[in-house]
Amino acid sequence: MMKALFVDQEKCTGCRRCELACSFFHFQTYSLSRVRLHIVRDGEAEGPVVCVQCGLCQYACPIKGAIIRNKKTGAFLVTAKCNPKSCNGECVNACPYGVIHIDLKLKRAIKCDFCGGSPSCVNACPWNVIQYVDAGSPYALNNKRVAEVRRRWSVERAYTKSSLEALKKV
Amino acid sequence: MVLYSYAGKILRVNLSKKTIKAEDTRKDVAQLLLGGNGYAAKILWDELKPGVDPLSPENKIVLMTGPITGTGAPGSGFWEACFKSPLTGVWGESACGGWWGPMLKFAGFDGIIIEGASKDPVYLWVHDGEAEIKPAEGIWGQTVPKTEEAVRKEIGVPQARVLSIGPAGEKLVRFAGIAVDLERYAGRKGGGALLGSKKVKAVAVYGEKEIPIAKPAEYGKALKECEQAVYASLNSGGGFPNGTLGGYDGCNQFGDLPTKYGETGSWEAVSDLYVNFVNKYLLKNRACFGCMQACGRVSRVEEGPFATPVYGGPEYETTAGFTTFALQKDIEPVIKANYLCNIYGLDTISTSHMIAFAMICYEKGLITKKDTDGLEVKWGDANVMINLIEKIAYREGFGDLLAEGVRRAAEKIGGDAQKIALHVKGLEMPYHDPRAGKTQAIEYGTSNTGMDHFHAHETLDVECYGADLGLIPFGLPDPKTIDRFSEDPSKASIAKLVMDWGTVADALVICKFHQYVNLGPDKYAKLLSLATGWKIDGWELLKIGDRIFNLGRAFNVREGIRRKDDMLPPRIMQPATTGSTKGVGITNYEGMLNEFYKLEEWDENGIPKPEKLKRLGLDDVASYIASLKA
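Taken in sequence, the protein lines are chains A and B. Residue 1 is where the first sequence starts when you use my numbering, and the numbers rise one by one after that. Residue 1001 is where the second sequence starts when you use my numbering, and the numbers rise one by one after that.
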């Protein structure tokens, strides 16, 4: 079954344990996290921005086989063929979420690989903001969550302006 | 040589000479005093001359992280500001959460020493092992959010973390705080005024450096264990997932919520305040770096005279200060008042304290409309509160007097004002009532920072709320067996243990709320050992707490502090008039204090004995104290 990460930004507290867990799992350093947390004040959403495995990095990559898709999980993986010297970091430029990086030490691109099937960010999140779910279910989860939040607060209170705009499209 | 888990460098910024130097973090000092308030105490003991004016260029401010800051350890998102306090004139320290501390370490520094004073406004930009002093004329006078925005824009790094002061710091309001991200504050004791006196508007930090860990794989495992311990506690109702304001009703029931400028410890009128806040104004929780508890609150008032934008707050202390302490019963004015304090850069505890102080002085006729710029400063008047906050921040009219803090203001007002004023060593009383748990009285009296509930720890939490802080294996009696109203001198041993452990938190630079969630000295000692490669256990950690507490005391003794300065204000010792502490006063404070002195090995005048200081490894401090006696 193809998998996906479901992010409920409304719940995010900004603790960055997802980033920490991601870094520790892969490199034991903080800065190379593939999860990115954009915290913007007042009127904007906040929460983790994760790789949604959209494949734009693969599309942009000029080296055949440097980024391949794991058919089981649906994650796009960087292979040993990746060689940042022979490209201009097209994958980084193509990523709309800013979640793929070139690691100068490892001399290759790094990106979310679902930690081989048990994502560290999901395990680390204290507030269940990031969930590892079947690829088909985020829409259902999203609708359920919207209903929950509406019961608790008025929509205007629960959602910031930008997310309200997004809601209209749901 | 790698000093594991430390960044290895400390920045020294001299604003008079406009020089910046990166010094090595000293291993001997780190092993003796860890980091945070310990390391900073050593710097200030060595480098400050006794008696310097806190607002003169001779004073220094040390912004410090600790050995496990930014490593993912629970509660490790903190940093400490240490200085000689402009408010009290003695040892001053403020702890603050958020992300600034870890980011300083990722930028390659364990701390920043700021000395001298600049003629023109400046801000510091610290990034990737480098630092610059940059002009700040354009942002001088701005509020905190505008400052942060302008600095981030100018340096071009939106992810940078910015510490800054508001107009209150610039105007040298003696209790101006240091803000981070408009929601986290190194609030108390006037660090903001000190930065203002040095003309430092902000310190921006960003970096991506690694923090070397001695045993990374084992450290990761130990982190996992700690994480599980925290979850276990949170799942069993411990910790602060409801924020500190979640404890408001409990404090009210225990008589721990100072009311009407400390006349009593509870007020029925506010019994539904917390529920009202959650239902109407709370948007979500927010966490500091790496925190699982996320005690921070995000709230706003949408419309009306107290409308605010979305921001971080309010906490328990702020709410208590702007409600019961001043007999005001609504939450909306609190959210507004908190927001204003945040943008102007004011400590909410001292600000609300000063407003309630003005109210009681007005009631008793010690001040009149003539003194208050025509304002009727009546109990519970929310509009007066809001008005006074701005006056204090800009030192306008009556606000100029209040901006001096309660000790100086009471001296100027004269008459009975000095008898009424609630402070120890010049620091205004925060919002926990020592009549509800008598050990708190010892902490208020002997804390190095003055009447302070959280440096070194909140002992009321043990007596009233049954927190064991992981200290039972280290000699703490089962909290359930402690009689909170007893004033037996043996209470001094509880105070000593809890305060030493609290001091360790400020040296490791961790959030004290993580001492409530199954993380005792042993767990942190294990983390510290694996991170640094040193061998250290829980007992050793407590000894370090003892060492730092006594170093702070020696600093204060050098500034002239003696037993008379450890006395509590009479108003808070008088019997409370209502609630669960009705009729309860404090009658044997001196008995408890004597016992505390004995345990600390201080002489009858409150001076640490040189033998003890030597035993703690503070030889030079011991020699100074010995010379003082001779």
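Even for Gly, the Cβ is constructed at its ideal location relative to N, Cα and C. Values in this document were obtained by computation on a predicted structure and should not be read as measured data.
Verify whether the separation of the beta carbon atoms of residue i and residue j is less than 9 Å.
{"i": "Lys1336 (chain B)", "j": "Ile1386 (chain B)", "result": "yes"}
{"i": "Tyr1311 (chain B)", "j": "Asn1342 (chain B)", "result": "yes"}
{"i": "Tyr1185 (chain B)", "j": "Gly1177 (chain B)", "result": "yes"}
{"i": "Met1573 (chain B)", "j": "Gly1583 (chain B)", "result": "no"}
{"i": "Ile1631 (chain B)", "j": "Gly1075 (chain B)", "result": "A query on residue 1631 (chain B) cannot be resolved here, the shown segment of chain B reaching from 1001 to 1630 and no further."}
{"i": "Gly55 (chain A)", "j": "Lys3 (chain A)", "result": "no"}
{"i": "Gly1399 (chain B)", "j": "Tyr1316 (chain B)", "result": "no"}
{"i": "Arg1484 (chain B)", "j": "Gly1437 (chain B)", "result": "yes"}
{"i": "Gly1192 (chain B)", "j": "Gly1345 (chain B)", "result": "yes"}
{"i": "Val1298 (chain B)", "j": "Ala1307 (chain B)", "result": "no"}
{"i": "Ala66 (chain A)", "j": "Val92 (chain A)", "result": "no"}
{"i": "Gly1520 (chain B)", "j": "Leu1471 (chain B)", "result": "yes"}
{"i": "Thr1323 (chain B)", "j": "Leu1273 (chain B)", "result": "yes"}
{"i": "Phe1109 (chain B)", "j": "Ile1043 (chain B)", "result": "no"}
{"i": "Gly1466 (chain B)", "j": "Leu1497 (chain B)", "result": "no"}
{"i": "Cys1464 (chain B)", "j": "Gly1250 (chain B)", "result": "yes"}
{"i": "Gly1111 (chain B)", "j": "Asp1506 (chain B)", "result": "no"}
Please report the residue range of the beta strand (DSSP E) in which residue i lies.
{"i": "Asn1285 (chain B)", "result": "Leu1282 to Arg1286"}
{"i": "Pro1135 (chain B)", "result": "Glu1130 to Pro1135"}
{"i": "Lys962 (chain B)", "result": "An answer regarding residue 962 (chain B) cannot be provided, because it is not within the stretch 1001 to 1630 covered by chain B."}
{"i": "Phe6 (chain A)", "result": "Lys3 to Val7"}
{"i": "Asn1014 (chain B)", "result": "Lys1009 to Asn1014"}
{"i": "Asp1024 (chain B)", "result": "Thr1019 to Asp1024"}
{"i": "Ser1094 (chain B)", "result": "Trp1091 to Cys1096"}
{"i": "Phe1485 (chain B)", "result": "Taken as a continuous stretch (DSSP letters only), Phe1485 (chain B) belongs to no beta strand (DSSP E), as it is neither H nor E."}
{"i": "Ser1299 (chain B)", "result": "Gly1296 to Ser1299"}
{"i": "Ser1164 (chain B)", "result": "Arg1161 to Ser1164"}
Using 8 Å for Cβ pairs, my map puts residue i next to residue j. What's the rounded Cβ distance?
{"i": "Gly1380 (chain B)", "j": "Leu1327 (chain B)", "result": "4 Å"}
{"i": "Thr1143 (chain B)", "j": "Pro1167 (chain B)", "result": "7 Å"}
{"i": "Arg34 (chain A)", "j": "Cys51 (chain A)", "result": "6 Å"}
{"i": "Trp1045 (chain B)", "j": "Phe1555 (chain B)", "result": "6 Å"}
{"i": "Asp1488 (chain B)", "j": "Pro1479 (chain B)", "result": "Between Pro1479 (chain B) and Asp1488 (chain B) the Cβ distance is about 15 Å, and since that is not below 8 Å, they are no contact."}
{"i": "Ile130 (chain A)", "j": "Pro48 (chain A)", "result": "6 Å"}
{"i": "Arg1012 (chain B)", "j": "Lys1021 (chain B)", "result": "5 Å"}
{"i": "Gly1502 (chain B)", "j": "Ala1456 (chain B)", "result": "4 Å"}
{"i": "Leu1194 (chain B)", "j": "Pro1067 (chain B)", "result": "Not a contact, Cβ separation roughly 25 Å."}
{"i": "Tyr1123 (chain B)", "j": "Ala1131 (chain B)", "result": "At roughly 11 Å, the Cβ-Cβ gap does not stay under 8 Å, so Tyr1123 (chain B) and Ala1131 (chain B) are not in contact."}
{"i": "Phe1513 (chain B)", "j": "Gly1239 (chain B)", "result": "7 Å"}
{"i": "Gly945 (chain B)", "j": "Arg1547 (chain B)", "result": "Here chain B has residues from 1001 to 1630 only, and residue 945 (chain B) is not among them."}
{"i": "Ala1073 (chain B)", "j": "Cys1226 (chain B)", "result": "7 Å"}
{"i": "Val1230 (chain B)", "j": "Val1517 (chain B)", "result": "5 Å"}
Please list the terminal residues of the continuous alpha helix (DSSP H) segment that includes residue i.
{"i": "Lys1491 (chain B)", "result": "Lys1491 to Leu1508"}
{"i": "Glu1590 (chain B)", "result": "Tyr1589 to Glu1600"}
{"i": "Val1029 (chain B)", "result": "Lys1027 to Leu1033"}
{"i": "Thr1147 (chain B)", "result": "Val1144 to Ile1155"}
{"i": "Ser120 (chain A)", "result": "Ser120 to Ala124"}
{"i": "Gly1399 (chain B)", "result": "Phe1398 to Leu1402"}
Taking 9 Å as the CB-CB limit, is residue i close to chain D?
{"i": "Arg145 (chain A)", "result": "Among the chains of the structure shown, chain D does not appear; the protein chains present are A and B."}
Open item on the list: Would you call the segment 1422-1434 of chain B in contact with the segment 1345-1357 of chain B, where contact means no fewer than 3 C-beta pairs closer than 8 Å?
Closed with: yes
TODO: Take every Cβ of the segment 85-103 of chain A, pair it with every Cβ of the segment 1258-1276 of chain B, and state whether three or more of those distances are shorter than 8 Å.
DONE: no
Task: Cβ-based contacts, 9 Å cut-off: residues of the segment 2-14 of chain A near chain B - done: Glu10, Lys11, Cys12, Thr13 and Gly14
Open item on the list: Closer than 8 Å between beta carbons: that is the criterion. Which residues of the segment 126-138 of chain A meet it against chain B?
Closed with: Pro126 and Trp127
Open item on the list: To be precise: take each residue of the segment 96-123 of chain A, compare its Cβ to all Cβ atoms of chain B, and keep it if any distance is under 8 Å. Which residues remain?
Closed with: none
Open item on the list: Contact between the segment 1524-1531 of chain B and the segment 1567-1584 of chain B is defined here as three or more beta-carbon pairs at a separation below 8 Å; is this criterion met?
Closed with: no
Task: Residues, ordered as in the chain, of the segment 1247-1279 of chain B that lie near chain A by beta-carbon distance below 8 Å - done: none
Task: Stretch pair the segment 82-92 of chain A + the segment 16-24 of chain A: three plus CB contacts closer than 8 Å - done: no
Open item on the list: Contact between the segment 1203-1222 of chain B and the segment 1155-1169 of chain B is defined here as three or more beta-carbon pairs at a separation below 8 Å; is this criterion met?
Closed with: yes
- [ ] Assess, as a yes-or-no matter, whether the segment 1311-1321 of chain B is touched by the segment 1085-1094 of chain B under the definition of 3 or more beta carbon pairs within less than 8 Å.
- [x] no
Open item on the list: Could you check whether the segment 1557-1569 of chain B touches the segment 1402-1416 of chain B, counting it as contact only if at least three pairs of C-beta atoms, one from each stretch, sit closer than 8 Å?
Closed with: no
Task: Residues within the segment 1049-1080 of chain B neighbouring chain A, beta-carbon criterion of under 9 Å - done: Gly1070, Thr1071, Gly1072 and Gly1077
Task: the segment 1391-1404 of chain B in contact with the segment 1207-1215 of chain B per 3-pair CB rule at 8 Å - done: no
- [ ] Could you please tell me which residues of the segment 1359-1392 of chain B, in chain order, have their CB closer than 7 Å to any CB of chain A?
- [x] none
Task: Stretch-stretch touch, CB-based, cutoff 8 Å, three pairs: the segment 1266-1279 of chain B with the segment 1250-1258 of chain B - done: yes
TODO: Check whether the segment 1618-1630 of chain B touches the segment 1602-1609 of chain B, counting contact only when three or more Cβ pairs, one atom from each stretch, lie closer than 8 Å.
DONE: yes
Open item on the list: At a CB distance below 9 Å, what residues from the segment 62-80 of chain A approach chain B? Give them in sequence order.
Closed with: none
Open item on the list: Beta carbons nearer than 8 Å to chain A: which residues of the segment 1279-1292 of chain B have them?
Closed with: Leu1283, Lys1284, Asn1285, Arg1286, Ala1287, Cys1288, Phe1289, Gly1290, Cys1291 and Met1292
- [ ] For the segment 1200-1227 of chain B, enumerate the residues whose C-beta is nearer than 9 Å to any C-beta of chain A, in chain order.
- [x] Gly1207, Glu1208, Lys1209, Glu1210, Ile1211, Ile1213, Pro1216, Ala1217, Tyr1219, Gly1220, Leu1223 and Glu1227
Task: Contact set between the segment 1294-1319 of chain B and chain A, restricted to residues whose Cβ is under 8 Å from the partner - done: Ala1294, Gly1296, Glu1302, Pro1309, Val1310 and Tyr1311
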